[in-house]
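Each residue of the sequence shown is one higher than the one before, counting from 2 in this note's numbering. For glycine and all other residues, C-beta sits at the position ideal for the given N, C-alpha and C. Predicted, not measured: the structure shown is a model, and the values here were computed from it. Structure record follows, encoded as structure tokens.
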Amino acid sequence: MTALATPVTVPPAQAPRRAMLALARAEAVRFLRHPVTVAALLLFVAPWVYDVATGTTDRYPVLHDKAVDLQVLGIFVLGGGALVVANLNTLRAHRHHTDALYSVLVLPAPWRTAAFLLAPLPYAAAVGVLVTARVGALALLPGAVGHPDPAELATTPAVVLLFAAVGVLLARLVRSAVVAPLAMFGFVVASFVTLVAAARGNTALRLLLPVMFSDLPFALPADVVDRPSLRHLAYLTGLIALVAVAAVARSGVLAGSRSGARRRPVVVALALALALTATAGAAQFHTDDALRRAAITATDNPAALQTCHHRGDVTYCAFTGFTPWIAGWDAVVQGVRRPVPATVAGQPLAIRQRVWAYGYPTGADVSFSADQDARDTAWERAAAAAGTPAAIPVSTAWGNGTAEASFAASVALRLLTGSPFTPTSLVCGARGAVLVWLVGQATADTAEGLHRLDAASTGGLAFMDDTTSMGLSVPDRDAGPGLAALSHPPAEVGALVAANWTELTAPATPADRFATLIGVPIAPEPPLEERHVCLT
2 MTALATPVTV
12 PPAQAPRRAM
22 LALARAEAVR
32 FLRHPVTVAA
42 LLLFVAPWVY
52 DVATGTTDRY
62 PVLHDKAVDL
72 QVLGIFVLGG
82 GALVVANLNT
92 LRAHRHHTDA
102 LYSVLVLPAP
112 WRTAAFLLAP
122 LPYAAAVGVL
132 VTARVGALAL
142 LPGAVGHPDP
152 AELATTPAVV
162 LLFAAVGVLL
172 ARLVRSAVVA
182 PLAMFGFVVA
192 SFVTLVAAAR
202 GNTALRLLLP
212 VMFSDLPFAL
222 PADVVDRPSL
232 RHLAYLTGLI
242 ALVAVAAVAR
252 SGVLAGSRSG
262 ARRRPVVVAL
272 ALALALTATA
282 GAAQFHTDDA
292 LRRAAITATD
302 NPAALQTCHH
312 RGDVTYCAFT
322 GFTPWIAGWD
332 AVVQGVRRPV
342 PATVAGQPLA
352 IRQRVWAYGY
362 PTGADVSFSA
372 DQDARDTAWE
382 RAAAAAGTPA
392 AIPVSTAWGN
402 GTAEASFAAS
412 VALRLLTGSP
422 FTPTSLVCGA
432 RGAVLVWLVG
442 QATADTAEGL
452 HRLDAASTGG
462 LAFMDDTTSM
472 GLSVPDRDAG
482 PGLAALSHPP
492 AEVGALVAAN
502 WTELTAPATP
512 ADRFATLIGV
522 PIAPEPPLEE
532 RHVCLT
């Protein structure tokens, strides 16, 4: 009896690749349907839904900063979710005690790992769509300024891929589902430490984080923003490749006929990923001299970067891209001028945007007011040379109420004293009371901002402006009558203020006179040692 040999069909070379892609598609569906993924997406869009439902959407978004803000939310919510889900999916066979079944499958361990690394791609694409849609919706608002950087829009999806790759790598290193949440906690702690270090002046460390954090607490004109977004995206790409290759290598070498051939692709890939990460990471620290010069110009001589528009007898000068805010500035200016006598209110005014784009102190040991008088003088001189003497500064923040109130205070100070600056930061006496009342009655936004500033201030009502480090402050006793006058009919108070303007704006007139004239209470004088010394 002759035994017939059964021919054995050898799988073609592309069989593992096809199997890997099939597994990646199945795992991508599981990834998208995972409860943690759904929860992360819902948490990511929750602030937007809340803003729309409550009408609190930022009406004056700075688009090139909004993309960065979304990165911060994305790294902790979407990135954390991707880390956990990728780790759990990769550990599924171990958690279900089915590891031994993989030995009879055509797909080797490294290819299975590659499938798990490819599975988050649709999720990252969905995140990219959400980020673009959010910034696009903000760009449609009439008050939107600036333009988003495509590299910064792509950073959030890249962060998702990086954290998913880390989840796969952790699954190959440690077979425990507890490791991924612990790793995320460790990242949060490391991020906090890095941000604290940046607040103390060591800002370079922030560039090594997966997301971009701004050095400054305010927006800059798009032309002077010095964020290495494209280099940072390349740095992220290198990190993703490095982690992914490490995960594949940990699963076993790729198929090959000899031991050296198996290792060679992994070694080459690791070397290339490491080279990209190191090169792009180092390139982030390169400073652009042209941007540095532009930042100095924006700080010291902003007229060279601004466009001026005239509305009646008021000249408004704004940085490129910020002109949509002029209508809001004008509403505040006209609101402050409304109750002021015509001889004062009719004087031509100039409003010029001001920003501290270069040399802003970020260390804890730097005094904000060390050279404030010199900088104010230099700024006034540059404004006068540009044809706008005694220009009233307005910041690059708008729409939050407090910015409107602070700007209204600067306009009121200009009308009260003839200058938008004071020898000290204090405005006292009847002048202070009139200033507070003018701010509160100007618009609904200034009134809201005034009450928020009052609630946050101690010892005096402070109108702060982070973009210049300047600010005005009215002692509590002097601000009290101005706040109380807001409960009286505006026309009635306005008539009394206009009729007694000269007296109320005299430096020596006490706040008691304003309180008596309007018929509002005033607190008793504090002890002599607690009284403020005012020069205005």
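For residue i: DSSP bridge partner residues
i: F464; result: L473
i: T316; result: H311 and A351
i: I393; result: I352
i: L427; result: S474
i: V146; result: V63
Residue closest to residue i, alpha-carbon to alpha-carbon, out of the options
i: T57; options: G402, A457, V189 and L71; result: G402
i: D227; options: Y359, T389 and P62; result: Y359
i: A159; options: V146, W112 and L210; result: L210
i: S252; options: A387, R113 and G336; result: R113
i: L473; options: L427, D513, V435 and A516; result: L427
i: M185; options: L306, I76, W399 and R312; result: I76
i: L64; options: Y51, G137 and G239; result: G137
i: G147; options: L451, F320, A383 and S177; result: F320
i: A140; options: P62, H287 and P109; result: P62
i: L174; options: A250, A295 and P36; result: A250
i: G495; options: A191, D477, A509 and F515; result: F515
i: L131; options: L43, A145, G483 and T280; result: L43
i: P111; options: R382, A127 and V169; result: V169
i: A445; options: A351, D224, G400 and T308; result: G400
i: L306; options: S458, Q442, T459 and R355; result: R355
i: P123; options: A87, G329 and P109; result: A87
i: G313; options: L350, G239, L162 and L454; result: L350
Distance between beta carbons of residue j and residue i, contact taken as under 8 angstroms
i: M213; j: Q72; result: 6 angstroms
i: A248; j: L118; result: 6 angstroms
i: A172; j: L92; result: 5 angstroms
i: A406; j: L451; result: 5 angstroms
i: P166; j: A245; result: Checking the sequence shown, residue 166 turns out to be Ala, not Pro. With 8 angstroms as the limit, A166 and A245 qualify as a contact, their Cβ atoms being about 5 angstroms apart.
i: L162; j: M21; result: With a Cβ gap of about 17 angstroms, L162 and M21 do not count as contacting.
i: S215; j: D66; result: 7 angstroms
Inter-residue Cα distance where the pair is residue i and residue j
i: A500; j: E493; result: 11 angstroms
i: D150; j: A284; result: 18 angstroms
i: G81; j: A456; result: 36 angstroms
i: A1; j: E449; result: Here the chain comprises residues numbered 2 to 537, so residue 1 is not present and cannot be evaluated.
i: L89; j: A272; result: 29 angstroms
i: I393; j: P143; result: 24 angstroms
i: A54; j: P48; result: 10 angstroms
i: T429; j: V475; result: What sits at residue 429 in the sequence shown is Cys, not Thr. C429 and V475: Cα-Cα distance of roughly 6 angstroms.
i: P121; j: T397; result: 38 angstroms
i: P511; j: V334; result: 26 angstroms
i: P522; j: A480; result: 11 angstroms
i: L277; j: E28; result: 28 angstroms
i: D70; j: F164; result: 18 angstroms
i: G520; j: D52; result: 41 angstroms
i: A365; j: V197; result: The predicted position of A365 is uncertain, since its pLDDT is 46 and thus under 50; a value taken from the coordinates is nonetheless stated next. Rounded to whole angstroms, A365 to V197 spans 10 angstroms at the Cα level.
i: P421; j: H233; result: 41 angstroms
i: G483; j: V46; result: 42 angstroms
i: D301; j: A343; result: 33 angstroms
i: P528; j: F408; result: 32 angstroms
i: G433; j: A379; result: 26 angstroms
i: A485; j: Y361; result: 37 angstroms
i: P17; j: L183; result: 34 angstroms
i: M465; j: L243; result: 46 angstroms
i: W357; j: V37; result: 42 angstroms
i: A270; j: A134; result: 35 angstroms
i: P229; j: D289; result: 10 angstroms
Within 9 angstroms, strictly: CB atoms of residue i and residue j
i: T195; j: L79; result: no
i: H311; j: T324; result: no
i: R338; j: A332; result: no
i: I299; j: L221; result: First, the residue type needs correcting, since residue 299 is Ala and not Ile in the sequence shown. Yes, the pair counts as a contact, with Cβ atoms nearer than the cut-off.
i: V440; j: A410; result: yes
i: A391; j: R415; result: yes
i: L208; j: G282; result: yes
i: T423; j: C318; result: no
i: A235; j: E153; result: no
i: D477; j: L487; result: no
i: A296; j: V395; result: no
i: A508; j: Q442; result: According to the sequence as given, residue 508 is Pro; it is not Ala. Taking 9 angstroms as the Cβ cut-off, P508 and Q442 do not qualify as a contacting pair.
i: V315; j: W502; result: no
i: A383; j: A304; result: yes
Any non-hydrogen atom of the ligand SAM closer than 8 angstroms to residue i Cβ
i: V435; result: As far as ligands go, the structure on display features none, and thus does not contain the ligand SAM.
Chain D contact for residue i (CB, 9 angstroms cutoff)
i: A145; result: Looking for chain D here will not work: only one protein chain is present.
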